[in-house]
Each structure stands twice: as structure tokens, then as C-alpha cells.
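Protein chains in written order, with my numbering: chain W, 1 to 163; chain S, 1001 to 1355. From the three backbone atoms N, C-alpha and C, an ideal C-beta is built for every residue, glycine too.
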């Protein structure tokens, strides 16, 4: 189990780097799908089968299909590296490193070495998640759905104005 | 689930199961193509394949040899990596979803219980949906990587179509899930054992979901045909408009892989229809132990065959949709009907469980 975790965690990180490093948009999108699927495997290893499958259905199966669809529709080719900001060019890597250290420190503080996984004891079945979502967190859930609806309507209105 | 103490034995049995299922699937697909050509031929008052073997029964073998021996042509401007990846992805995903399909009950041999299923996931149904939802990449990427007009249009059409109909497909089965109360396919089949009782009276109607979820079944089946890109929803490969659609630039074995995965997907959605709405392997079971083990598998195959025959029948009968009709049908008819079905079912389920 631990071996599997390291394999898929490494795969997720490598694919995530590939998302940024690839020059062809389709390869970036495909790398992102690999990231999402590796994360699903990690969820699976934590015993959250439902979350794992939903992760694949929603992110890899629906949202990323739209990404790939748009890339194909625009027939986007290789991107040329932009030479506009020398400032961003030199400062990018140190900032990313600083951000990474900050996240690692936060995680380290939350879960010191040797502490057990709290997630393993949780019930992550469909029924338990349904109860949480529709009883305890029903207001945030509904507000989020309205937010998404507003975004969709906004996109439609903006797109209509163009033509 | 098989209950073993020895992990090695479990692994061995699982490997044997996988081998058996893959071999049976490949044979079934081969003869499904033969059946399709025969049935469509008879619908059109022709004979169909007749030369290779009696009644053309060896035609699939000849086709297979032809696929392997043909020259493999790769377009010069194709994106080589993705061009290779797409057919293999489609093939792998099509066969992956078979892993959770229960074909029959279980049997006991030398004290070991072996079930007719490779693995029983407790989210089996969602697993199949996850795998099918990834299947669209195979078609979309095949269309894109060929770097050619018609495949690209076919790929675009199929991604739009599959996203649209996936929603209806998912919504259609929610009614069944609410009645069965589980996501495990074996659990769903087990919930359909016996007969319907109305007011304490035995109606002698099998306890299948089709009798309480007819609308759900119709929505499911129509969406499933669209998901598998079959007539009348075969716009991704509409040969009169797009030459051959997403696989125009594919040849030889890579084309055969798309072909195989299309038929494997047909079998999967038909299996799912049998399991969700027609009681899976349930049917009259009698006789000695061997017969009691084999009969459920037989009933499953009979129901499956009916669906596959229906698929072919439709191909011989219906014309293709126009693209705007396809989208309007999916979004303005199938989706609202699916949502309405969920609403009504949930009210009825809540009413029954409260009274």
C-alpha cells in the first residue's frame, strides 16, 4: 500500500510539473488528467472509494474533456515562450520555492512526523458524504451551486454579446 | 466475494477469471460483428457473409487475420505519441469496465466460493461510469492527433455528444439506485430476486426494476446508444458526412482496436442494462447443482443477447440524427425526463418508506 502511494504520489508530482513545462496545450491537458487520476488512486488508498471514483468522473471525465474540447476547437499549436517580463523570469522560481516551503511547513505543523492519518478512521461512503453534504453543509452546498449557475449565465450572456 | 485465506490462491483465481473473461469477450465481439453483418443483411434482404466457413461463421477469423496483416499507415503530420496512445486507451478502458460486471451467482468447488465476477467493488456502478467517461478521450484524441479535417470534426462531435449524453445516462440510473439502496452491481441484482407483491398478492411478475422504472430504462438505453456512438447517434463517424469520422486516418491493427472497443462498449452497456433493469442473472433455476450454477449465467447471456440484437436491429432500421436534433434531443428532452423521473421516484420511495 505504501509502495503504491509513493508511486502515484511521484506520478502526480511529475505530471503536475509536466502540465507547466509542456509547450503544447494538449500535452498539458493530458498531464493534468494524469495528475487527477493519480490523486484518485491516492484517495482509493485512503479507503475513500466514492471520492476517488467521483474525482475521476467529475474532473477527468467531464471538466478536462471540456478543456481538451476547447483546445481542439481552437486547434492550438505549440506556444512560443514570451520574452516580455524579465522580472517574472528571474523571480518566478524563488517565489515558487518559497511558496512550497510555506506549504510544507504548514503540513508539518499540522501533522508532525509519526502522527497517524485522521482520514483513515472517517467513513467516506456515499451515504456518509450525502448526510454531511445535505444535512450539515446544506447552505454552503446550495450557495456554491448558485455561484456556479451565475458563472454559467454570465458566460452565456458575454458570449451572446459577441455575435 | 470470494472468501479465501490464501492470498496466492485468490490471486491465481483472479488471474484465471481475467483470462477467461478477456477470451470470452474477444470471441463474443468477433461473433457480434458476424451477427451484425448477418442480421443487417437479412433486414436488407441480402445473405451477408457466406463464403468463409458454413454461413460465413469463419468470417471474423478472416477479418482478424486481415487486420493484423494490413499495412499500418501513419499520417506524416500526425502527433505520433497521441496517435499511438488513443486506440490503446480506448481498448484498455473498454475492457476495464468488464471487471466489475457480475455474470452470474457463485459456485463452490473444493470448499472455495468463486463468483462469476472479477471483482465486486462497492461503488461498481460509478466505477463503470468513471471508465466510460474517460473513454471519450480515446475518440477525441484520435481525431485531434490525426491532424486531418474529418477526424478532427468527428472527434469534436463525439466529445460534445458524449458529455451531453453522459448526464442523462447518470441521471437515468439514479431511480434504480434509490430503490436498490446500493452502488454495488451484485447488490443491485440481488435486490431484484423473487416476484413483485402487490398488497400481499403474488403477481408472478419478476421483481425487476423495469416494471417500476420504465422511464428510467428508456432514458438509460437511449443515452447508452449515444454513448457508444451507434446508429441513430453515430454522428462521430457519420460516413456520409465525415468520410469515416475520428478513425479515418487509422489503419490495420490500430483501426481494429477502435472497432473492438466500440463493440466491447456495446456489450458493457447492455450488461449494465440487464443488471440495472432486467434482474441480471435472475430467471427460472432448477435441476442439479451444476445446472443451478450454469442457468443464471445462461439467463444473463439471453438477456444480454436481446439487447445486442436490438442494437443491430436499430442499425438496420433507423436513419441518423441531424447534429442539432441530437443536441436538442439530449438536452431538451432526455435530461428533463431523467430529472423528472428522479423527482417522482424519490417521492414514491420516501412515501413508501414512511408508511
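One finds 56, 57, 60, 61, 62 and 65 in chain W with Cβ atoms closer than 8 Å to the Cβ of residue 1133/S, taken in chain order. Of 1169/S, 1224/S, 1216/S and 1259/S, the smallest CA-CA separation from residue 1092/S is found for 1259/S.
With 16 or more other CB atoms across the displayed protein chains lying within 10 angstroms of its CB, residue 1157/S is buried. It is roughly 21 Å from the alpha-carbon of residue 1055/S to the alpha-carbon of residue 1024/S.
A buried status is given to residue 1303/S, since no fewer than 16 other beta-carbon atoms sit within 10 Å of its beta-carbon.
DSSP assignment within the region 1266 to 1349 of chain S yields the following whole alpha helix (DSSP H) runs of 4 residues or more, N-terminal first: 1289 to 1317 and 1323 to 1328. Here residue 102/W is exposed, its C-beta having fewer than 16 other C-beta atoms within 10 Å. Per DSSP, residue 46/W lies in no alpha helix (DSSP H) segment and is marked neither H nor E. With the rule of 3 Cβ pairs closer than 8 Å, the region 1277 to 1294 of chain S counts as touching the region 1190 to 1210 of chain S. When DSSP states are grouped into helix, strand and coil, residue 1095/S belongs to the helix group.
Spatial neighbours of residue 5/W in its own chain (CB-CB distance under 8 Å, excluding positions within 5 residues in sequence) are listed in chain order as 42 and 45. For residue 1109/S, the enclosing beta strand (DSSP E) begins and ends at 1106 to 1109. With respect to chain W, the C-beta atom of residue 1153/S has no partner C-beta closer than 7 Å. The beta carbon of residue 1197/S sits closer than 8 Å to those of 1203, all from its chain and outside the five residues before and after it, given in chain order. Chain order gives the chain W residues near residue 1159/S as 65, 66, 68, 69 and 72, where near means a beta carbon separation below 9 Å.
7 Å or more divides the Cβ of residue 1222/S from the Cβ of residue 1349/S. In the assembly as shown, residue 1230/S is a buried residue. Its beta-carbon has 16 or more other beta-carbons within 10 Å.
When Cβ-Cβ separations below 7 Å define contact, residue 142/W makes no contact with chain S. Considering only 1136/S, 1248/S, 1190/S and 1146/S, the residue with the shortest C-alpha distance to residue 1104/S is 1190/S. Residues of the region 14 to 41 of chain W with a Cβ closer than 9 Å to any Cβ of chain S, in chain order: 24, 26, 27, 30, 33, 37 and 40. Residue burial is scored here from C-beta neighbours: residue 1144/S has at least 16 other C-beta atoms within 10 angstroms and is therefore classed as buried. If you check the CB distance, residue 1341/S and residue 1212/S do not come in under 7 Å. Per DSSP, residue 63/W lies in no alpha helix (DSSP H) segment and is marked neither H nor E.
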